[in-house]
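A.B. asks: When you line the sequence shown up against mature numbering (1 follows the signal peptide of the UniProt record, and there is no 0), it's residues -25 to -1, 1 to 169, in that order.
My structure is below; once you've seen it, I'll send some questions.
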Amino acid sequence: MKKAIMGIVLSATLLSATAGATVYAADIDQKDTTGEVGFKAPDTGALTLVEAADLDFGMHEISATDQNYTTESDTFSKVQDLRGTEAGWALQVSEAGQFKNNTHELTNAQITLVSPTIDTSSTAVAHEKAGVVLKTTNEAAVIMDAQTGEGNGLAIEDFAKGAASLSVPGATVKVAGQYTTTLNWVLTDGVANN
């Protein structure tokens, strides 16, 4: 009986000692593979002006002194570049004429794009232009651009409350009512000259 128990204990000990040992197989062959992905520009809309900013300067009491009114709400201009070329682009804006209502023009009023910023949610590298004064002669001014090697993705220019101003001389006749002007936004392919 002692021999049988001793044999069982010895067998169990040997079995547990060999069960924990790891056996490694020799490498017989090895192959390297590749992962692949490709991209192409969309068939349409590869370079797009997604949104253009409206500028709301609010409603104010008529004044006989020079006044400077600022925008009263946040607004955005958005450019999406999916061309995959890094060729750059420029966003220009012009004012088609002076602010007008049905019967009068707001003579010598002037819009200044004081302090737009590139929104932190932008995925593209772009540059805002601050202090841009719009001329009422429909002359275009660059307001945001991307240089060569930049601009891929979505660029968002944020015109936060107060980022644009409208100066109106006190001498300008102001008839009660709503005045409007047209802002023309144009997106051009390639790097801006100014």
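Ideal Cβ positions, reconstructed from N, Cα and C, are used throughout, including at glycine.
It should be emphasised that the depicted structure is a prediction, and the values quoted were computed from it without experimental measurement.
Measuring alpha carbon to alpha carbon, tell me which of Thr40, Thr45 and Gly13 ends up nearest Leu30.
C.D. replies: Thr45
A.B. asks: Please list the terminal residues of the continuous beta strand (DSSP E) segment that includes Thr163.
C.D. replies: Leu158 to Asp164 is the span of the beta strand (DSSP E), which, as asked, contains Thr163.
A.B. asks: Would the stretch 140 to 158 and the stretch 95 to 106 be scored as touching if the rule is three or more Cβ pairs under 8 Å?
C.D. replies: no
A.B. asks: Give the secondary structure of Ala116 by DSSP, where H, G and I count as helix, E and B as strand, and everything else as coil.
C.D. replies: strand
A.B. asks: Suppose the cutoff is 8 Å on Cβ atoms and the five residues either side in sequence are ignored; what does the same chain contact list for Leu81 look like?
C.D. replies: Gln73, Phe74, Lys75, Val143, Thr147, Lys149 and Tyr154
A.B. asks: Is Asn77 near the ligand SAH, with its Cβ less than 6 Å from a heavy atom?
C.D. replies: You won't find the ligand SAH in this model; it holds no ligand whatsoever.
A.B. asks: Pull up the CB-CB distance for Met121 and Ile93, whole angstroms please, since I reckon it's below 8 Å.
C.D. replies: According to the sequence displayed, residue 121 carries Ala and not Met. Going by Cβ atoms, the distance from Ala121 to Ile93 rounds to 10 Å, so no, they are not a contact pair.
A.B. asks: Excluding sequence positions up to five away, which residues of its chain have a Cβ less than 7 Å from the Cβ of Leu57?
C.D. replies: These residues qualify, in order along the chain: Ala16, Pro17 and Ala21.
A.B. asks: Name the one or two DSSP bridge partners that Val108 has.
C.D. replies: Thr87
A.B. asks: Using a 10 Å radius around the Cβ and a threshold of 16 neighbouring Cβ atoms, would you call Ser69 buried or exposed?
C.D. replies: buried
A.B. asks: Is His35 helix, strand or coil by DSSP?
C.D. replies: coil
A.B. asks: Just tell me which of Gly33, Thr9 and Asp4 has its CA closest to the CA of Gly152.
C.D. replies: Gly33
A.B. asks: Please determine, among Ala39, Lys53 and Thr60, the residue with the shortest C-alpha to C-alpha distance to Phe14.
C.D. replies: Thr60
A.B. asks: Please report the distance separating the alpha-carbon of Ala84 from that of Glu11.
C.D. replies: Going by the C-alpha atoms only, they are around 57 Å apart.
A.B. asks: Which one of Glu114, Ala39 and Ile3 has the shortest CA to CA distance from Gln67?
C.D. replies: Glu114
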